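Residue numbers (the working numbering), protein chains in the order written: chain V, 361 to 521; chain X, 361 to 521. Think of the CB as a built atom: it goes at the ideal place given N, C-alpha and C, for glycine as much as any other residue. Bear in mind that the values here come from a model prediction, so they are computed numbers and not experimental data.
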DNA sequence: AGCCAATGCGTTATGAAATAACATAACCTG
DNA sequence: CAGGTTATGTTATTTCATAACGCATTGGCT
Ligand SMILES: [Zn+2]
Ligand SMILES: [Zn+2]
Ligand SMILES: [Zn+2]
Ligand SMILES: [Zn+2]
């Protein structure tokens, strides 16, 4: 990300082979349990996210969509992303206009990210908002979703800087 | 925002008259203290943000820029927004692609928002991240900025729903 | 004053991100 | 297999943001 970053960019290497197949199969069975359909475009976009080494832009997904090099049409990918987000298989990172596969084991969670401004990796973590929003809820707010994105330097890039 | 919201949309009424002039003057003198220049386009965009009842989109600012109805050119407004953000006079709300004037008194702070999905207001509050990021910093991260945006219903809209 | 570097602005054009709208196809379920 | 629902294909458009370049203004320096 930073022009002066020469890291291998694989702080979060993408899945391949058996690991990839296994992750997709897990999503598949999760869908079946809730009568949701992991259709070909949805599966394909999930694969692309899982294979990637970091956050993927929507138009990167569009370009990479066809195994033969044929790009997808934008709505194909945006619809798949909407589905994957709804099911919790992927998250959108607002401050990057980019998407990542969910890295957390648990089923339901509020996603939060530590984003490295040097190498571009985005590490998901489980935030604890209880103290924050006790006050908000006490003031009458009904909080539904929360976006928390911290930006800075990951350990590796911090050392080099 | 919500199609079923019939509120007056003035949960955060914009400034006018003396209050507006005073807010702009405060920004002016803050700039002078740090040798920054509140030039005409920057002042104009700040005015528009302060006058607004809620978050403003960049192209709303562009359209409203000229007192005679003439729109600004996009770079004019985006440059002004960059400046206002840098000085802490305005914040970008990532999940809305929109901008608000800073409502906090203190000089330096990490902005956070409670966004009502019904009436569209965005209330700024001062978050306390200390517990969250003690862990992150301990793990070697150097956190520089944080985006925290909570979405839900404000007290007024919650009652109506 | 005259010069210079730095900063900001005006303008044109383009790039990037996301969605609208509508037709067709696949899938349940009774 | 009929009919409602969900998903996809396709075309076009809208929305959001920046690149690039030349000119103007500012403020320090000699
Ligand atoms: Zn997750
Ligand atoms: Zn890094
Ligand atoms: Zn603020
Ligand atoms: Zn509201």
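Kindly indicate which three-state DSSP category residue i falls into: helix, strand or coil?
i	result
residue 375(X)	coil
residue 363(X)	Because residue 363(X) sits at a pLDDT of 48, beneath the cut-off of 50, its placement in the model cannot be relied upon, and the following sentence gives the value as read from the coordinates. Note: residue 363(X) maps to coil in three-state DSSP.
residue 516(X)	helix
residue 415(V)	coil
residue 507(V)	strand
residue 489(X)	coil
residue 461(V)	strand
residue 439(X)	helix
residue 432(X)	coil
residue 478(X)	coil
residue 502(X)	strand
residue 452(V)	strand
residue 536(V)	In the structure as shown, chain V starts at 361 and stops at 521, and residue 536(V) therefore has no counterpart that could be examined.
residue 387(X)	helix
residue 471(X)	coil
If you measure from the CB of residue i, is any heavy atom of ligand 3 nearer than 7 Å?
i	result
residue 446(X)	no
residue 462(X)	yes
residue 510(X)	no
residue 471(X)	yes
residue 442(X)	no
residue 484(X)	yes
Taking 7 Å as the cut-off, is the C-beta of residue i nearer than that to any heavy atom in ligand 1?
i	result
residue 465(V)	no
residue 451(X)	no
If contacts are defined as beta-carbon pairs under 8 Å, then residue i and residue j qualify, I think. What distance do you get, rounded to the angstrom?
i	j	result
residue 475(V)	residue 510(V)	7 Å
residue 406(V)	residue 375(V)	Contact doesn't hold; Cβ gap of about 11 Å is too wide.
residue 453(V)	residue 423(V)	Incorrect: roughly 19 Å between the Cβ atoms, too far for contact.
residue 450(X)	residue 461(X)	5 Å
residue 401(X)	residue 440(X)	5 Å
residue 518(V)	residue 496(X)	Actually they are not in contact, since the Cβ atoms of residue 518(V) and residue 496(X) sit about 12 Å apart, beyond 8 Å.
residue 415(V)	residue 458(V)	4 Å
residue 438(X)	residue 418(X)	6 Å
residue 397(X)	residue 384(X)	Contact doesn't hold; Cβ gap of about 14 Å is too wide.
residue 507(X)	residue 507(V)	7 Å
residue 380(X)	residue 408(X)	Not quite, the Cβ-Cβ distance comes to about 10 Å (not below 8 Å), so this is no contact.
residue 431(X)	residue 425(X)	6 Å
residue 484(V)	residue 473(V)	6 Å
residue 478(V)	residue 513(V)	6 Å
Would residue i count as contacting chain V if we go by Cβ distances under 8 Å?
i	result
residue 439(X)	no
residue 508(X)	yes
residue 454(X)	yes
residue 515(X)	yes
residue 406(X)	no
residue 363(X)	For residue 363(X), the predicted structure reports a pLDDT of 48, less than 50, and the residue's modelled location is therefore unreliable. A value from the coordinates is still provided. Output row for residue 363(X): interface = no.
residue 511(X)	yes
residue 471(X)	no
residue 482(X)	no
residue 493(X)	yes
residue 518(X)	yes
Tell me whether residue i counts as near ligand 2, meaning its Cβ is closer than 7 Å to at least one heavy atom of that ligand.
i	result
residue 513(V)	yes
residue 516(V)	yes
residue 371(V)	yes
Beta carbon of residue i: closer than 7 Å to some heavy atom of ligand 4?
i	result
residue 458(X)	no
residue 479(X)	yes
residue 476(X)	yes
residue 412(X)	no
residue 499(V)	no
residue 418(X)	no
Kindly say whether residue i, judged by its beta-carbon, lies nearer than 8 Å to any beta-carbon of chain X.
i	result
residue 371(V)	no
residue 444(V)	no
residue 504(V)	yes
residue 501(V)	yes
residue 474(V)	yes
residue 417(V)	no
residue 496(V)	yes
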